[in-house]
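Working notes, beginning with the structure itself.
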Amino acid sequence: MKVVLLQDVPKLGKRHEIKDVADGFARNVLLPTGKVTLATPGAIARAEGEKANKVKQDLAETQAFQALAQTLKDNPLIIILKANKDGHLFASLRAEDILKEAEARGLALKKEWLILKQAIKTLGEHQLLLQKGDRRTTITLRLEGLK
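Start counting the sequence shown at 18; every next residue gets the next number (this note's numbering).
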């Protein structure tokens, strides 16, 4: 029986793929749980349209990632925070804080792109890793003390 996957199914396939599965498996497991629909011409056309939209969206997102990476390489993100005289921050800087600061500056930085292994606790320049899929880039984050 041909079916269109409505979600990722382990060991079977990814969303919007058209698969041929055993009739009993489709009737007893996949259809009742809502993981698939029968592969009618309309369902196939919808799945193909969704795949095409996903490809376009991924391409646009990759271009946005590259543009953001280039912008941040040319102009490092500077954040001014309260710190003591030794350069230690009163509150550590987390990924969410960096995202809010980037958003306030009009940068479209997404949480899934930013890789921050641990919170930042000192002033100065810090290297941050941005990753989207197989593309990686390192940007500079400069933390300055409030004067």
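Don't be surprised by glycine CBs; every beta carbon is placed ideally from N, CA and C. None of the values given here were measured: they were computed from a predicted structure.
Whole-number beta carbon distance between residue j and residue i, since they are thought to touch under 8 Å
i, j, result
"Leu140", "Glu118", "At roughly 15 Å, the Cβ-Cβ gap does not stay under 8 Å, so Leu140 and Glu118 are not in contact."
Euclidean distance between Cα positions of residue i and residue j
i, j, result
"Asp114", "Lys28", "38 Å"
"Ala56", "Arg44", "13 Å"
"Ala112", "Lys71", "27 Å"
"Lys36", "Glu142", "51 Å"
"Asp25", "Pro58", "21 Å"
"Gln135", "Lys149", "19 Å"
"Asp40", "Met18", "5 Å"
"Phe42", "Arg122", "52 Å"
"Phe107", "Leu163", "11 Å"
"Leu116", "Val38", "44 Å"
"Gln87", "Val46", "48 Å"
N-terminal and C-terminal residue of the beta strand (DSSP E) that residue i is part of
i, result
"Asp37", "35-37"
"Leu94", "94-98"
Range covered by the alpha helix (DSSP H) that runs through residue i
i, result
"Gly200", "In the structure displayed, the chain extends from 18 to 164; residue 200 sits before or after that span and is not available."
"Glu65", "58-91"
"Glu113", "112-121"
Contact check, residue i vs residue j, beta carbons under 9 Å
i, j, result
"Ser109", "Ile137", "yes"
"Ile156", "Leu48", "no"
"Leu85", "Leu147", "yes"
"Thr50", "Val21", "no"
Notebook entry, point to check: Are there three or more Cβ pairs, one per stretch, closer than 8 Å when the region 85-98 is compared with the region 60-70?
Noted result: no
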